[in-house]
Structure formats: structure tokens, C-alpha cells
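K.L.:
Just passing along the structure, written as C-alpha cells.
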Amino acid sequence: MSERTRRRLVVVQVLILSLVVTLAGRLWQLQVGSGDRYARAATDNLVREVVVPAIRGLILDSAGRPLVANRTTMVVSVDRSVLDRQPDRGAAVLVRLARLLRVDQAELANRIRLCRPGVGRPCWNGSPYRPVPVATDVDKRVALQVLERAEDYPGITAQLELVRDYPRPAGANAAHLLGYLGPVTEAEAAHSDALGLRDLIGRAGLERRYDRYLRGTSGTRYVAVDHLGRVVRTLRETPQIPGSHLVTTIDARVQRVAEQALREAMHRARTTPDYKDRLFKGDSGAVVVLDVTDGSIIAMASWPTYDPADWVGGISAAEYRYLTSAKAGYPLVGQAFQGGAPPGSTFKPISAAGAAKAGYNLNAGYGCTSSFQVGDREFKNFDSLAYGPISVAYALQVSCDTVFYRIAYDMWIKDGGYRPVDHPKDPMFAMAREFGFGKRTGVDLPNESPGRVPDRAWKLAYWQATKDELCRRAKTGYPELARTDPARAAFLTRFAAESCTQGYQLHVYDAINFSIGQGDLMLTPLQLARAYAAIANGGTLWRPRIGKAIIGPDGKVIKKLAPQKTGRVGVPPSDLRYIREALVGTALNGTARGVFSGWPLDEYPVGSKTGTAEVFGKQPRSWFAAFGPDNKPRYAIVMTVSQGGTGSGTSGPSVRKIFEALLGLGEYQQAVIADGPPTALPKMRRDGSFAPPARRGGR
Amino acid sequence: MTDLGYLMRREFRPRSLAPARRIAVLARLDWVLLAAVLLLASVGSLLVWSATRVRLERAGEPTDQFLQRHLFTVALGLVLCALTARLDYRRLRGGAPVIYGISLIGLLLVLSPLGVTVNGSDSWIRVAGQSIQPSELAKLALVIMLAVVLAGLRFGNRKGPPSRDDVLKALALAAVPVGLVILQPDLGTVMVIAVIVVAMILISGASMHWVVALGALAALGAVAVAQLHLLSQYQLNRFAAFTNPALDPQGAGYNANQARIAIGSGGLFGTGLFEGTQTSGQFVPEQHTDFIFTVAGEELGFVGAGAIIVLLGILLWRACRIALRTTDNLAALLAGGIAVWIGFQIFENIGMTLGIMPIAGLPLPFVSYGGTAMFANLAAIGILQSIHLRRREVPAATTRS
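So the protein sequences, as listed, match chains Y and W.
Going by the working numbering, the first sequence opens with residue 232, and the numbers climb by one from there.
Going by the working numbering, the second sequence opens with residue 129, and the numbers climb by one from there.
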């Protein structure tokens, strides 16, 4: 061996041994120098905070039947933070999981992506650190595969969870009342101490309105985990506190009857031809059954509807598109309290009350001509029938428009016409306000529509908001429309010119239209039902309510949600009685005679009013409002079907059916709620189920 | 090309030892080296057990399944070590082309459908239920081949440094396995081979120009690899995470971060064997193979992990000592090459767990679980012992130039 080789070997030896010394030095630095820091990091590695979701309270009907309950289901969730740690960011795992769950791979990937501007549904709206549930009601064998082959499914967990269950007592759906749940957003969790990132909260309906009672308080469990997030052992735990139960005023059987009746009305509309011989579209509808004595909602339904169970475990993209599509008629909207529409002739009792208050003698004779001329326009009576001079009572029964035109025109002239006096009385508009229109009823459901009373103040505000555009159009016209429809373009230009200068005015046509519930007036079916309840109960406006009581998880009543009076309509009792009796006559010799043919009116007198509201560009809307079933009315029922035809033809028979069910007439062998809605609350049994409330004999 | 005629000449036939001399031979072994190896293998077995028992228990398998297999590997490796020690290392002159050829076939098989992809790299082949990692074998084969070529093919000591042709021949012989390993791709092995080649050319006494040129070439190659996107994304991520592990603690930097947490949390005395929370929680991936040192770091602390480094240091010192004490060029190159190979692999492996080297898939010699590496390492120890036993058999007259 050469000396050179020897020298170089020595160099190599020194290099190698210096590497060893380097390692030892670095080891010292890491373990002894910063050991404490790494020890803390090691603890963070090990301890996970697991939220133990609270058991959500039940939603019960007035007899203790659960409308919303809970059930256990196997849920498969994906933990994004573990997936991201995979070399391919979890792509292979998702492919395997999609195959295992037999779902579309792209849909699965979409469901776990985070919602951001520009990202469409489906996406994950909850916390990025929370496992995203991707499948519910998973087969046990599939769940076992995920659990046993954790190496193949890192970040995927399968566990039993409680989800909402909809037992549909008596077949009731009640989707728009009950609502649904959705994951908490990060922003919401950040603003609330009570909300954890894993929680679900009510997103609509009663689930949202009473969320803080139903939700309970979730517990926390600190667990030691391994690198795949598998729990090794529990370190400590704060238990969950179950949510409270909500007892509602809904009666599941009446709800079922109302839903069925509404569906029949929709069907009736869709099989009936209009005057152009097209079938009515019947695109939406609603029904409300109110207890007139305290404003309790016994049943309330809207069409189109949906199955609230679709929301369990996250809604699919296709389903969500359907629920929010115009083509499906926006099934998520509760038409009964969120849909406003002109009420047509069902508004006339309020007009009559306004006339009485303004000093018009209701018993005097008013000319029911076939048409009424104002300026250059002729307002026709419905069906152009003429009855000669008649009382307001008879005008209500036969629904004579011209009688109300006459009175409304007279009022408008008295208020100064186009040169209004300082403080115009506008008695009919004022009476609409008296009955709570143009304002939310305060029902315990979120996103209620206030409707609209198109009085002078509204006209002015609306004109101020639109006049710039109208004045521009008055000058430029509608050239884009003129090419295809010059007549309409000319009309619109004339209208724009007129509105630009005089749009703030209460036009004579506005006043006349308003008297028969047409024009810009918008009411929800619930508002109208409450107004009829006030007519029936002698003038008290109740706040409609669904929540009746909150019962704790231990069965103790935590809170009674008492009925609330929101005011009295300023109409003398004698006038109200006059209107009430007039409406009872509608079934005897008015527009509802056909609806109530064969009905035992002597025993069960029912007050009713039909309505057929004209809607520009659409088929007329059917309305039917009624109260009964006797001289001391208990229920007010309102039904409407959009593009549904006449009130008596489409909605009337269905309202009659609901009365039959309530009384045990017709096809019903016995009354659905024989003694009226219960006053007592259902009682919790030992096993957590509920017994119907105790009944006091007779009513 | 190779003159194998010398093998036939009787006087150069290596002699097997006479029975009477066998005891004496045992006494002449490098016992310090052997003791270091045995201690490392013992500690390694405990660490493998600790790293695998929780996983096995969870899978419902016997918790000592990996331990048993590992002990069997060690036993088999020690037999191999004894056989190699008994064999005259000079016989490697003839065997080198065969060993080299076998290792190339192994590397080719890895790229064939027989190869198994683990962690993005085709480093394994499966034969009769056994996983073989040919790149571990290739490193030993290359050391032998380079030693034979650089020492001069003929028996006896060449006087001067290797000729230009010899160096070029050596480079060509190294280029083939490097190319195959790059195809796997196994960056760690490429690094080790590059270091072996440069170091052995240095030891051979070749002109420093070669060393400087090769060093520059290696640096250039590294730049080219990065620039020409010859690396897959995950490898680039690993390197990016090496420069800044906090960059992506859940992704590419995960291994580096978790390894450092496990070792750092061990402190001075560690949690005690089988008591490590990070180890039983399996936070560090590949913990019984490439990241075995993290088990020592967490459970045995600075005292235990430091002891392992000291043992490895002793082992390397003895290897260098054997290289320096021999008078034979071939022996010096063999022993030096083995020392550089094992030394650099130790530095890379432990260095990556300590965050001073990039993450690469290399086992820790004598400690990690894995048959091929253990066999190659123990065979290398056998060669060292063989050199040590025969250090006086080369005629003194030819030892000095």
C-alpha cells in the first residue's frame, strides 16, 4: 500500500469519525437542548378533543306524538387533515372509499371540499378540522371494512351517530314547520360559546326557531389517539346535556287531513280547464288551520313540499338543486307563511269593516251593477252579474265587486281624490292595518313574510325608489320591446310617463282594486287566517303560535309558551257580528252554497268567503277562508291554490273536508280531535316517550 | 479482458486453515469490531420489537412476530459473516464480476413486473414470499468491484496509482448501477454510491484531479436533477420540507417533523423501552426500518441513542483501523470502501431523523429491520475480519513502494 493511500485513508477516517461526532452533537442539541419543546409537541400529537354531541330534543304534536325524533345510524366520515397527509393527498383513499360506498367518486370529492366563493354545492360548510360525514345509514359490513382496514382507509371513520328521524305520525309531513338541520359554520362557532364546530343547528322551521332549547349542550371527551386518529383510551370527559323537547300545537292527524285536502285541491285545479280551455297549472298552494280562541296553529301545510329526511347526513347536490329550483316551484318556501299574494274577494269582509267604521250603513242598499265606470275605465263585476241595490251582507255572500267599488270610490273622493286632504282617512287601508296586514304576524317560524298594504306611504316610497328608471323610460320608451310588441311598448311608455310624474299618488284605480283585495295588496295565508280568526272570536288578534311548551329531558316543564294577544281590531262588536253572520250566509245563499251542499248548517253553521284573485300574466288564484263549526267558532281555515281557479271550485271542497274531519262528518266516522285542541301537555313516560295529555270530560 | 489465469496457479490458491490453527484464528479476530456489531444487532432487535409490537397486537398477530423474523435474519447474517471471514478476501478478485453481475440482475428485476413499489420507489422484489432489496446488495458488490479494479487486477501490489484507464473503468462500472437505481428511483442509494465512488478513487491514490472533477460532477448532477425535473414531485417535496419542515407539517414535512418530535421528546433518559407514546402511537412512519433511530431516541433518550452512535463510531473506527493496518492495496480499498459506505449511510439515516439530512429511504446498518441490508452489512463485516485475519500474509517486500 502506497504512502499516498495511507495518508488518504487517514483523511477518510477523520472525515467519517467527524460525521459521527456531528450526529452525537446534533442528538444532544435536540434531546437535551430543546427536549421540553418536543415533549410538548409529543403531547399535542396524542391528545384529541372529541366533541360528544348532545342528544337533540324531540318535536311533539299536541298529543305527544313525535313529529321529529332521533335514531342511530352508521355514519362514515372523512377527516381531511389525515387525508392531506397522504403522499397523494388522499386521492387513492377516496377512490377506494367511493368504490366501497358505491357512490360517484367526483361527488364524494366534492362533498368534502370546503365551501368558498366560487365553489358550488355540494361542499362542506362546516369546520375544515371536523370530519365530514359523507354517508349515513351505511351497512354494518361496509363500516367494519373501514374500521378493520384502517391502513387502507386512513382518515376514514365509521361510527354510530344520532341523526334526525321523522316518524310521520298519522302520515303527517309538516316539512315547512319542522325545518331541518345543517352544520355550524366557522363564523357562527366563533361567535358563540355554546356552539362547537361539530354541532348541527336548526337551519329552518321550528328546528331553527327553537334551536337553543332543542340543541342541548355537547360534551367533550379528551382521548389519546394514535397516528391514524384511532382512539387508544379516554383521558377525561364532560358529559353531554340532552336538549329539551318542544310540544307544539300541531295535531298530527289534522295536519295529515289538511295536507291531504291541499293535495286534493291541487289535483282538482290541475284537472279543471280555465276559460281558455287550458288546465289550471296549480303550481303552489297552502292551507292553515287556526284555533281562533288563542291563535294556535292546529295544522299548516304548503305545496310543493319535500321530505325533511332528505337533509339527514347532508343533502345531495341533485336534491338541493331540485329544492331551490324555479321549475319545482321552490319547495323549500313555506307558502303558508312565506308566500304573499293578493287575497281577492276574501279581503272583502275587511273592506266591509272599514266601511262600517267610516260610517257607511251596512244594511243600506248599494247598487250591485254589472259594471262600474270610473273615468275612461269600466270595472266589471265578476261574471258581470247584477243584483240591483243590496246590503253589504248580501254583497259579501254573492261577492259583488261593484258594491265595494262604489264605497271605495266614495271614500277616495271624500279623501280629496287627486288633491288629497291633509290627513286622508283611507278607511279600508287603515282597516287592513287594523287586521295586522303588511306586518309579520310574529308566528314562531323564521323568515315570515310581512306581506304588503299598498297605502299612500307605500306608494310614495315605491315611487321614490323607481321614479328615476320610469322617468328615463318615459323619454326613451322601450325600443327593445317595440320591435316585437309595439302595442305593449307604447302602453308601457305611457305608463312610465304617467308614473314618472304622478306615481306617488293613490290612484282611483288603486283604491277601487284594493277594496276587493286586488292590485298591489299581498297577504300570506297565515295573515288571512288570523284576520278571519279575529272576525270569528270577536276581534282579538292572536300571535299565531306553534310552540306550546318546552319540556326538559327529565320530563319537567321548563317553559310554557303562552298564547299572546297582539291587539284588538278597532271594529265595534256589533259590526263584527254583522260580518260574521253575513259570512255564515255565504253557505246558505252565496258563493259557497255548492261547497256546503248537504252540510248540516243548522247544527254546524260555517262562515265562509270565496276568493278568485286575478294575477297579471297568470291564471287566477283560488282562495277559500272559513270559520266554524258553530255559533261559537273554534277554527279558522284558509286555503289557497296559485293558478288554481275559483275559490269555490278548487279550495272550497277541501276546506269543507277539513271541517268534516274536525267534526266527524262525511267520510269521517268520528271527529279527529273530538274535544278540540287539548289544553294540558303530554306527559313523559319513564322510557322517555310521551303519553297523550289528560282530557277533561267534554267541552 | 480479465486475466483469470492466476486462479489456476496452485501457489496462489487460498489456503483453508488447518484444524489446529482454528482456535488461534479465533483469537486473532477483531473482537472489538465483532462486539460492537453484536451489541448493535441486539439493541436493534429490541427497537424493532418496540416499533412493531403495538401494530401487531392491533392486527391480532403475535407481538413478537417481527422480532422473531429479525432475530432469524441476524443469526443467518452472522453465519454469512463467519463464512465470509473464513474466505480469503483475495478470492474476491475472481468473484467480483460474478457478485457485480448478480447485483445488476437484481436491480433489473426491481424494474421488472417482479418489483414491488413501496413509498413511491420500486426498491423491492419478491421471491418465494421474501422481499429482497437489491440496492442494498448492489452497494457491497460495487465496493468489491471498485476495489478489485482500482487495486489492479493482477496479484500483488501495483507500485503507482491506478491508471487513467482503471479509473475510467471504475467509473463505467459504477455508472451502470447508478443508472438503474435512479430509475427506481432511490435517491438515498444514489447518494451513497456517489460518495463510495469518490472516496474509493481518493483512497486508490489516483490523482486529486479525479477527486475534484468527480466532486464537481456530483454537484452539477444534483443541480441538473433538480432543474430537469428528473425527480418526482414527492421527492422534491421531501427536499423542500427538509429545508423548511414547518412548511407543510401534515404533508411532505410530516416524516421529518414526527421523527424530530419523537427523538426530541425522549430527553436525556428517554421514556423507557416499550413506553414511548409516539412509538406506540405509530406517529413516525417506517419506524422499524428507516426510522428505527427514532425509537431509540424516544425510549432510550440521549443516553441510549448516544450509546448507539458511540457503538457505530467504534465500528467505523475499527473498519478504518483494519484498512490502515493492511499492507495490501486490495484490502485497503475494500476496508476503506466498506467504512465509507457504512459510515455515510449511518450519517444519512440518523441525520435525516435529526433533521440535518434530507429524508431518504435508507436503513440504519445493523439496527434496522430488513434482511437484505443486514446480510450485506454482516457480509461486509466478514470481509473486514477476513482482511484482519490475513493482514500479515502479503509479502512484506511488496508492501512498501
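Ideal Cβ positions, reconstructed from N, Cα and C, are used throughout, including at glycine.
Determine the direct distance from the alpha carbon of Y/Leu-431 to that of Y/Pro-414, and round the result to whole angstroms.
P.N.:
Those two C-alpha atoms are separated by around 4 Å.
K.L.:
Please report how far the alpha carbon of Y/Gly-544 lies from the alpha carbon of Y/Gly-433, in whole angstroms.
P.N.:
When rounded, the distance between both Cα atoms is 14 Å.
K.L.:
Just to confirm my understanding: we take W/Ala-459, look at its own chain, exclude 5 residues before and 5 after, and list those with CB closer than 6 Å. What are they?
P.N.:
Around W/Ala-459: Ile-515.
K.L.:
Output, in sequence order along the chain, the residues in the segment 305–337 of chain W whose CB is closer than 8 Å to any CB in chain Y.
P.N.:
Listed in sequence order: Ala-327, Leu-330, Ile-331, Ser-332 and Gly-333.
K.L.:
Listed from N- to C-terminal order along the chain, which residues in the segment 272–293 of chain Y have their beta-carbon within a distance smaller than 7 Å of any beta-carbon of chain W?
P.N.:
Listed by position along the chain: Ala-272, Ala-273, Asn-276 and Leu-277.
K.L.:
Straight-line CA distance for W/Gly-280 to W/Asp-294?
P.N.:
Using only the alpha carbons, I get a separation of about 8 Å.
K.L.:
Using a Cβ-Cβ cut-off of 6 Å (strictly less than) and excluding sequence neighbours within five positions of Y/Thr-881, which residues of its own chain qualify?
P.N.:
The residues are Ala-496, Arg-499, Ala-500, Ser-853, Val-872 and Gly-875.
K.L.:
Run through DSSP, which three-state label would Y/Cys-599 get?
P.N.:
The answer is strand: DSSP assigns Y/Cys-599 an E or B state.
K.L.:
Counting only runs of 3+ residues fully inside the segment 202–288 of chain W, write out the beta strand (DSSP E) ranges in chain order.
P.N.:
Those beta strand (DSSP E) runs which fall completely within the segment 202–288 of chain W and span 3+ residues are 243–246, 249–255 and 258–260.
K.L.:
Consult DSSP for W/Leu-440 and reduce its assignment to one of helix, strand or coil.
P.N.:
Residue state, collapsed to three classes: helix.
K.L.:
Whose Cβ in chain Y lies nearer than 9 Å to the Cβ of W/Thr-455?
P.N.:
Neighbours of W/Thr-455 on chain Y, chain order: Met-232.
K.L.:
In whole angstroms, give me the CA-to-CA distance for Y/Leu-912 and Y/Thr-469.
P.N.:
So the alpha carbons of these two residues sit roughly 32 Å apart.
K.L.:
Who are the Cβ neighbours of W/Val-165 in its own chain at under 7 Å, not counting the five residues just before and after it?
P.N.:
These residues qualify, in order along the chain: Leu-443, Phe-494 and Ile-509.
K.L.:
Only counting runs of 3 or more residues, tell me where the beta strand (DSSP E) segments fall wholly within the segment 500–537 of chain Y, in order along the chain.
P.N.:
Taking only runs of at least 3 residues, the beta strand (DSSP E) segments lying wholly in the segment 500–537 of chain Y are 515–522 and 528–534.
K.L.:
Inspect the beta-carbon positions of W/Leu-490 and W/Gly-316 and report whether they are closer than 8 Å.
P.N.:
Yes. Within cutoff.
K.L.:
Going along the chain, which residues of its own chain have a beta-carbon closer than 7 Å to the beta-carbon of Y/Pro-580, five neighbours each way excluded?
P.N.:
Same-chain partners within the cutoff: Leu-627, Ile-766, Ile-810, Leu-814 and Lys-840.
K.L.:
Grab the span of the beta strand (DSSP E) containing Y/Ser-630 for me, first residue to last.
P.N.:
First-last for Y/Ser-630: undefined, no H or E at that position.
K.L.:
CB Y/Thr-577 to CB Y/Asp-292, shorter than 8 Å?
P.N.:
Their beta carbons are not under 8 Å apart, which means Y/Thr-577 does not touch Y/Asp-292 by this criterion.
K.L.:
Can you tell me whether Y/Asp-657 is helix, strand or coil according to DSSP?
P.N.:
It is coil, neither helix nor strand.
K.L.:
Does the ligand FMN have a heavy atom nearer than 7 Å to the CB of W/Leu-195?
P.N.:
Annotation note on the ligand FMN: not contained in the displayed structure, which lists no ligands.
K.L.:
Going by alpha carbons, who is nearest to Y/Ser-449 out of Y/Leu-248, Y/Ala-728 and Y/Val-282?
P.N.:
When each option's Cα is compared against that of Y/Ser-449, the closest is Y/Val-282.
K.L.:
From the DSSP output, read off the bridge partner residues of Y/Arg-776.
P.N.:
Answer is Y/Ser-527, bridged to Y/Arg-776.
K.L.:
Less than 7 Å between C-beta atoms, sequence neighbours within five positions excluded: which residues of the same chain meet that for Y/Leu-807?
P.N.:
Within the same chain, Y/Leu-807 has close Cβ partners Ile-766, Gly-769 and Gly-770.
K.L.:
Can you check whether the CB of Y/Ser-582 is closer than 8 Å to the CB of Y/Ser-805?
P.N.:
No, they are not a contact pair.
K.L.:
What residues from the segment 411–434 of chain Y come within 7 Å of chain W, judged by C-beta to C-beta, listed N to C?
P.N.:
Residues: none.
K.L.:
Which same chain residues end up closer than 7 Å to Y/Leu-378 when comparing Cβ atoms and leaving out the 5 residues on each side of it in sequence?
P.N.:
Closer than 7 Å at Cβ, skipping near neighbours: Ala-389.
K.L.:
Hey, could you find the ends of the alpha helix (DSSP H) W/Val-309 is sitting in?
P.N.:
Segment 292–311, the alpha helix (DSSP H) holding W/Val-309.
K.L.:
Of all the residues that make up the segment 244–266 of chain Y, which are near chain W by a beta-carbon distance shorter than 7 Å?
P.N.:
Listed in sequence order: Gln-244, Ile-247, Leu-248, Leu-250, Val-251, Leu-254, Ala-255, Arg-257, Leu-258, Trp-259, Leu-261, Gln-262, Val-263, Ser-265 and Gly-266.
K.L.:
So W/Phe-503 contacts chain Y; which residues on that side make the cut at Cβ distance below 9 Å?
P.N.:
Correct list: empty, because the minimum Cβ distance to chain Y is about 23 Å.
K.L.:
Any contact of the segment 397–405 of chain Y with the segment 288–306 of chain Y, i.e. 3+ C-beta pairs under 8 Å?
P.N.:
With a cut-off of 8 Å, the segment 288–306 of chain Y and the segment 397–405 of chain Y count as touching, because enough Cβ pairs lie within range.
K.L.:
Hey, out of Y/Asp-310, Y/Arg-342, Y/Pro-398 and Y/Ala-418, whose CA is closest to Y/Pro-385's CA?
P.N.:
Of the candidates Y/Asp-310, Y/Arg-342, Y/Pro-398 and Y/Ala-418, the one whose C-alpha sits nearest the C-alpha of Y/Pro-385 is Y/Asp-310.
K.L.:
Among all the DSSP beta bridges, which residues are the ones paired with Y/Gln-390?
P.N.:
DSSP lists Y/Val-306 as partners of Y/Gln-390.
K.L.:
For W/Val-176 versus W/Met-502, is the C-beta distance shorter than 8 Å?
P.N.:
No; because the gap between Cβ atoms is not below 8 Å, this pair is not in contact.
K.L.:
Excluding sequence positions up to five away, which residues of its chain have a Cβ less than 8 Å from the Cβ of Y/Pro-620?
P.N.:
Gly-596, Tyr-597, Gly-598 and Cys-599, listed in sequence order.
K.L.:
Do you know how far the Cα of Y/Gly-513 is from the Cα of Y/Ala-584?
P.N.:
Each residue's Cα considered, the two are about 31 Å apart.
K.L.:
Name the chain Y residues whose beta carbon is nearer than 7 Å to that of W/Pro-190?
P.N.:
Within chain Y, no residue comes near W/Pro-190; the closest Cβ sits about 18 Å away, beyond 7 Å.
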